[in-house]
Amino acid sequence: MTRVRILIAGLLVLAACAAGAAERVVAPGAGALAEAVAGAAPGDVLILAPGRHDGPVTLNKPLTLDGRGEAIVDAGGAGSVITVTAPDVTVRGLELVGSGSSHEGIDSGVQLTQGATGARVLGNRILGNLYGVDIHGARDSLVQGNTIVGRRGHRMNDRGNGVYVWNAPGAEVAGNDIRYGRDGIFTNTSRDNVFRDNLFRDLRFAVHYMYTNGGEVTGNVSIGNHLGYALMFSHHITVRDNLSLNDRDHGVMLNYANSADVVGNLVRGGQEKCTFIYNAHKNLIAGNRFEGCGIGVHFTAGSERNALTGNAFVGNRTQVKYVGSRHVEWSLEGRGNYWSDHPAFDLDGDGTADSPFRPNDLMDHILWSQPAAALLTGAPAVQLIRWSQASFPATLPGGVLDSHPLTRPVEIPVPPAIAALEADSRPDRGDKGQIDDAFDPLAAH
Numbered sequence: 308m309t310r311v312r313i314l315i316a317g318l319l320v321l322a323a324c325a326a327g328a329a330e331r332v333v334a335p336g337a338g339a340l341a342e343a344v345a346g347a348a349p350g351d352v353l354i355l356a357p358g359r360h361d362g363p364v365t366l367n368k369p370l371t372l373d374g375r376g377e378a379i380v381d382a383g384g385a386g387s388v389i390t391v392t393a394p395d396v397t398v399r400g401l402e403l404v405g406s407g408s409s410h411e412g413i414d415s416g417v418q419l420t421q422g423a424t425g426a427r428v429l430g431n432r433i434l435g436n437l438y439g440v441d442i443h444g445a446r447d448s449l450v451q452g453n454t455i456v457g458r459r460g461h462r463m464n465d466r467g468n469g470v471y472v473w474n475a476p477g478a479e480v481a482g483n484d485i486r487y488g489r490d491g492i493f494t495n496t497s498r499d500n501v502f503r504d505n506l507f508r509d510l511r512f513a514v515h516y517m518y519t520n521g522g523e524v525t526g527n528v529s530i531g532n533h534l535g536y537a538l539m540f541s542h543h544i545t546v547r548d549n550l551s552l553n554d555r556d557h558g559v560m561l562n563y564a565n566s567a568d569v570v571g572n573l574v575r576g577g578q579e580k581c582t583f584i585y586n587a588h589k590n591l592i593a594g595n596r597f598e599g600c601g602i603g604v605h606f607t608a609g610s611e612r613n614a615l616t617g618n619a620f621v622g623n624r625t626q627v628k629y630v631g632s633r634h635v636e637w638s639l640e641g642r643g644n645y646w647s648d649h650p651a652f653d654l655d656g657d658g659t660a661d662s663p664f665r666p667n668d669l670m671d672h673i674l675w676s677q678p679a680a681a682l683l684t685g686a687p688a689v690q691l692i693r694w695s696q697a698s699f700p701a702t703l704p705g706g707v708l709d710s711h712p713l714t715r716p717v718e719i720p721v722p723p724a725i726a727a728l729e730a731d732s733r734p735d736r737g738d739k740g741q742i743d744d745a746f747d748p749l750a751a752h
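Numbering (this note's numbering), first residue to last: 308 to 752.
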């Protein structure tokens with residue numbers, strides 16, 4: 308009964324706030340915005356008139372700050388442009404510029420602190436700030452429909468992230484266009500977040516998970532970044548229906564990532580690896596298309612009990628790189644994967660090839676461990692070894708075996724507008740020289 312009374316009392320307070328809410332127009336001027344916030348009542352809507360308004364400003368009560376696409380808030384190089392410390396705040400339709408440059412303070416276009424439960428950051432242009440949006444403990448917040456353009460100076464690893472999520476369960480980042488800076492979305496020590504329908508370009512990582520469990524990454528597009536989707540030290544994540552196009556190092560990386568579902572993604576045109584699976588266990592990797600990369604899948608470091616089924620490996624220079632002596636089966640319940648270099652027959656027309664497929668042989672292992680041996684690739688002795696192992700599989704030392712390879716690949720369409728952006732992206736884009744010389748995705752947190 309006591310809980311019911313508390314709930315009724317809370318609803319009455321909210322109703323009173325709503326009844327007293329008002330729209331107020333704030334004109335540009337020195338200190339005008341801060342003064343308007345200080346004098347506003349909870350629930351008020353502050354409409355910023357066209358022009359440049361002075362920041363930084365702190366929203367310490369439930370308010371809506373609305374620029375209607377014509378107002379600019381400029382922090383003048385000090386701190387975060389807008390800091391939110393109260394619940395149920397909405398920031399929309401603004402151009403936010405001029406944050407400070409402190410990584411320690413996480414200077415941002417919008418900083419949502421632990422008290423900013425249920426915050427809404429909608430349809431803003433967040434340009435040239437150290438961080439775009441910092442969701443720092445703000446549960447159930449929403450960052451949607453924003454254009455976030457980070458900084459381009461200094462080394463890429465020294466820049467801030469487009470959206471930084473820290474310990475913010477239930478936070479959602481959706482439909483944003485994020486470019487430049489360091490990582491598009493970096494989440495650390497959080498859970499049950501949703502990152503969907505975002506566009507990422509010219510970044511280090513598009514989406515970077517660290518110690519974040521649960522949640523989903525769906526419908527995103529990564530173009531021309533160093534790495535698309537990095538799942539590190541996290542578990543039970545769904546990565547579904549994303550695109551990784553011309554990402555330099557890896558399209559999808561699982562590093563100490565367990566019990567994830569990686570389903571229906573397209574990775575195409577990576578210079579190095581479509582997918583890197585490193586010490587990752589019990590993951591489902593199904594229905595993906597890995598196309599036109601240096602290596603389709605690099606599978607290493609004792610990764611166990613992963614299920615790979617229904618994937619298409621199309622036109623990769625090396626389809627699978629697996630260094631190990633164990634036999635690893637890559638089919639599930641009688642359904643394997645499609646391999647563009649498998650000369651398969653399907654006499655009964657059931658969509659499954661009549662013979663198993665092994666993507667690697669003993670010479671591959673030798674070439675990976677002794678790169679200088681590549682000079683002997685065309686030698687008759689090497690060709691004899693490969694022919695012998697193809698004819699007598701029992702002589703193989705172990706490796707990946709697909710017992711039920713498919714004869715038709717999964718098709719994952721790319722919308723024309725995204726295909727045009729893909730065509731414009733180049734591996735030698737202009738900020739290449741500002742990347743750390745010793746960049747290592749396994750060491751970059």
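Just so it is clear, CB atoms sit at the ideal spot from N, CA and C, and this is done for glycine as well.
**Message:** Do H711 and G643 count as a contact pair if the criterion is CB distance below 8 Å?
**Reply:** Yes. Within cutoff.
**Asked** Under the three-state reduction of DSSP, which class applies to L370: helix, strand or coil?
**Response** Three-state result, L370: coil.
**Asked** If you run the structure through DSSP and keep just helix, strand and coil, what is I725?
**Response** DSSP, reduced to helix, strand and coil, places I725 within a helical segment of the structure shown.
**Message:** Are the CB atoms of A567 and I584 within a distance shorter than 8 Å?
**Reply:** Against a cut-off of 8 Å, the Cβ pair of A567 and I584 comes out as no contact.
**The alpha helix (DSSP H) enclosing V344, as first and last residue numbers** = For V344, the uninterrupted alpha helix (DSSP H) run begins and ends at 339–346, by DSSP.
**Message:** Can you find the residues in the same chain that come closer than 7 Å, C-beta to C-beta, to G737, ignoring five residues on each side of it along the sequence?
**Reply:** Unreliable placement is indicated for G737, whose pLDDT of 46 sits below 50; the coordinate value is still reported in the next sentence. Counting only Cβ-Cβ distances below 7 Å, and skipping sequence neighbours, we find nothing.
**Item:** Contact between the segment 716–735 and the segment 658–665 (3+ Cβ pairs under 8 Å)
**Value:** For the pair of segments examined, the segment 716–735 was found not to touch the segment 658–665: the number of CB pairs separated by less than 8 Å stays below three.
**Item:** Proximity below 8 Å, CB of I725 to CB of G571
**Value:** No.
**Prompt:** Is it true that the segment 425–445 meets the segment 399–416, where meeting means three or more beta-carbon pairs spaced less than 8 Å apart?
**Reply:** Three or more beta-carbon pairs separated by less than 8 Å link the segment 425–445 to the segment 399–416, which places the two stretches in contact.
**Message:** Let me make sure I understand the geometry here. Which of L550, V559, D381 has the alpha-carbon closest to that of P722?
**Reply:** When L550, V559, D381 are compared, the shortest CA-CA separation from P722 is found for L550.
**Asked** When DSSP labels each residue in this structure, what does N562 get in the three-state scheme?
**Response** Here DSSP, grouped into helix, strand and coil, assigns N562 to strand.
**Sequence-distant residues of its chain with Cβ nearer than 6 Å to N613 (five each side left out)** = Short of 6 Å from the beta carbon of N613, and not among the five residues preceding or following it, lie these beta carbons of its own chain, in chain order: N590.
**Item:** Endpoints, the beta strand (DSSP E) within which Q451 is located
**Value:** Counting along the chain, the beta strand (DSSP E) containing Q451 begins and ends at 449–451.
**Prompt:** Quick one, which of P369, G467, N367, I455 has its alpha-carbon nearest S409's?
**Reply:** S409 has its Cα closest to that of G467, out of P369, G467, N367, I455.
**Request:** Take the Cβ of R547 as the centre, count every other Cβ of all protein chains shown within 10 Å, and call the residue buried at 16 or more, exposed below.
**Result:** R547 should be labelled buried.
**Request:** Just mark A329 as buried or exposed, buried being the case when its beta carbon has 16 or more other beta carbons within 10 Å.
**Result:** Around the beta carbon of A329, a 10 Å sphere encloses fewer than 16 other beta carbons of the protein chains shown; the residue is thus reported as exposed.
**Message:** Are the CB atoms of I389 and G362 within a distance shorter than 8 Å?
**Reply:** Contact annotation: G362 and I389 have beta-carbon atoms nearer than 8 Å.
**T519 - partner residues in DSSP beta bridges** = Answer is none; T519 lacks a bridge partner.
**Prompt:** Considering only residues of the same chain and omitting the five flanking positions on each side of L728, which have a CB-CB separation below 6 Å?
**Reply:** Cβ within range, chain order: I530.
**Request:** Assign R489 to one of two classes, buried (16 or more other C-beta atoms within 10 Å of its C-beta) or exposed (fewer than that).
**Result:** Answer is buried; the Cβ neighbour count reaches 16.
**Item:** With 16 other Cβ atoms within 10 Å as the buried cut-off, status of A345
**Value:** Taking all protein chains shown into account, A345 has fewer than 16 neighbouring C-beta atoms within 10 Å of its C-beta and is therefore exposed.
**Request:** For T397, count neighbouring C-beta atoms within 10 Å of its own C-beta (all shown protein chains included) and say buried if the count is 16 or more, exposed if not.
**Result:** Its Cβ being crowded by 16 or more others within 10 Å, T397 is buried.
**Item:** Neighbourhood of T392 by C-beta, 8 Å cutoff - its chain only, sequence neighbours within 5 removed
**Value:** T365, L366, N367, T420, G422, A423, listed in sequence order.
**Prompt:** Rounded to a whole number of angstroms, what is the C-alpha to C-alpha distance between V333 and D499?
**Reply:** One C-alpha to the other measures close to 37 Å.
**Prompt:** Anyone know if the C-beta pair for N505 and A537 falls short of 8 Å?
**Reply:** No, the pair does not count as a contact, with Cβ atoms beyond the cut-off.
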